[in-house]
Amino acid sequence: MVLKSLRQDIYFDDIEERPVNARHIYLERKLRSAINHAYKHAPAAREIMEKARVKPADIHNVKSLVRLPIIRRNDLIERQKAAPPYGGFLAIKPEAVERVFISAGPLREPLHSVKSKPFAMSLWAAGFRKGDIVINAFNYNLSPEGMLIHEGLRQCGATVIPSGGSSMEMQIQTMRDLKVNGYAGTPSVLLILIKKAEEMELDFKTVFNLERAWFTGELLSPENRKMLEENYGIDTRQAYTVMEAGGANAYECPQKTGLHLSDDYVVEIADPVTGNQLKPGDTGEIVVTPIDNKAWGLIRYGTGEMASCITERCACGRTAHRIQVIKPQ
Ligand SMILES: [Zn+2]
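So the sequence shown is numbered by the numbering used here: it starts at 52 and just counts up by one.
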């Protein structure tokens, strides 16, 4: 539901300007509930907690998460091999799983809904609205990006063309014929589309209508951002996503000074060796715990990617802390 207020054009939802203290209280309450749920319903989560000699009541705030080990992608793959199909992390009844995505490993990721408000918030902050025509260049086949981002764009009111996986020629023709003004995908695919169009002797800036682009899956280099914005007039935004954890998402606002964390994950910046939490400004591993995803009893998922946390208030008015992602995804 889109926010009905005078600030509607800035925020998708008024939780984006929730007072810092209220957000902190909310996150810790949801964290306690998620830990209890995982302990009760996900055998792998219970086993990990018992091995660490931790009871759900011991994880009463974000700081206390350090008592648990960081779980990494390879751990998930190994656990799924040993206890198929979900490695003991499924925390709802199997018939309640809406979709199953599969990535390399193979790693099976159950999702109970692709309607993700944080993705809508991310795309809204990038300027997508009703009346926009957007090509979604993410693959819809097996991987979650295509459908999650599709639903997020729909929640913003945009018309979506599911172009992921089709040929470059087809995507170029579609962008031209349908006067596409928005792009969701990786930076590298957009750069290839522009290059290909120019090889076809089409002047991208005058023949196409592309106004905004939303990227995830790769970091956008400052050089490419400058080039896309200055040479082609495309407003660019980046988002950071962790699909293994059910689509954790942090997103850029118009300030483009770091990515705001969404409220359905607890994110720690941790020392990758000791697992200790680091202070704002220090660079460490991005570790996420879903707190609004009953399907997946995953606690402290270590992404292997590095970032620092910015706690200063952002000029856009959003109150969520930001991360500056350093290592490419
Ligand atoms: Zn901001």
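The beta carbon of each residue, even a glycine, is placed where N, CA and C say it ideally should be.
Could you check whether the Cβ of residue i sits closer than 7 Å to any heavy atom belonging to ligand 1?
i	result
His311	yes
Cys360	no
Gln289	no
Arg150	no
Arg69	no
Arg369	yes
Gln306	yes
Cys207	no
Straight-line CA distance for residue i to residue j?
i	j	result
Asn187	Glu252	24 Å
Met221	Arg364	43 Å
Asp315	Pro195	17 Å
Thr287	Lys106	45 Å
Lys166	Gly203	7 Å
Val211	Met198	11 Å
Glu295	Glu160	7 Å
Val53	Asp64	Because the pLDDT of Val53 is 49, which lies under 50, any placement of that residue in the model is unreliable, and the number read from its coordinates should be weighed accordingly. C-alpha separation (whole angstroms): 6 Å.
Ala321	His372	16 Å
Gly297	Glu249	37 Å
Thr370	Glu303	13 Å
Tyr352	Arg123	6 Å
Pro238	Glu269	7 Å
Ala358	Glu149	32 Å
Pro135	Leu162	16 Å
Ala366	Gln131	44 Å
Glu68	Ala133	44 Å
Ile51	Phe152	Given a span of 52 to 380 for the chain in the structure shown, any question on residue 51 remains unanswerable.
Val231	Val317	36 Å
Lys91	Thr340	16 Å
Ile374	Met278	24 Å
Lys102	Ala142	19 Å
Ser313	Arg74	10 Å
Val71	Tyr137	35 Å
Phe259	Val240	16 Å
Gly326	Glu336	9 Å
Have a look at the options and flag the residue whose alpha-carbon is nearest the alpha-carbon of residue i.
i	options	result
Glu280	Thr292, Trp265, Val293	Trp265
Gln328	Lys246, Glu149, Ser115	Ser115
Lys81	Lys345, Met357, Ser359	Lys345
Met172	Asp228, Ala301, Arg150	Ala301
Arg180	Asn192, Ala155, Gln206, Lys132	Gln206
Tyr62	Pro169, Glu274, Val338	Pro169
Pro94	Cys360, Val376, Trp347, Lys246	Trp347
Leu261	Thr308, Ile245, Arg130	Ile245
Asp386	His163, Arg263, Ser217, Ile337	There is simply no residue 386 to check, as the chain begins at 52 and stops at 380 in what is shown.
Asp126	Ala358, Leu349, Met357, Gly215	Leu349
Ile76	Lys102, Val113, Met100, Ile86	Val113
Ala290	Asn282, Ala299, Tyr283	Ala299
For residue i, name the three-state secondary structure that DSSP assigns.
i	result
Ile200	helix
Asp315	coil
Leu310	strand
Ala290	strand
Pro341	strand
Met357	strand
Ala108	helix
Ile320	strand
His370	With the sequence shown as reference, residue 370 is identified as Thr, and His is not the correct amino acid for it. Reduced to three states, the DSSP call for Thr370 is coil.
Val376	strand
Glu336	strand
Phe179	coil
Ala235	strand
Leu141	strand
Ala248	helix
Give the DSSP bridge partners of residue i, in chain order.
i	result
Leu162	Arg150
Pro213	Asn187
Tyr302	Ala290, His311
Ile66	Bridge partners of Ile66: none, in fact.
Leu229	Note: Leu229 sits in no beta bridge, so no partner.
Ala85	According to DSSP, Ala85 bridges with nothing at all.
Gln328	Ala321
Tyr47	The structure shown does not extend to residue 47, since the chain spans only 52 to 380, so no value can be given for it.
Arg263	Gly233, Asp286
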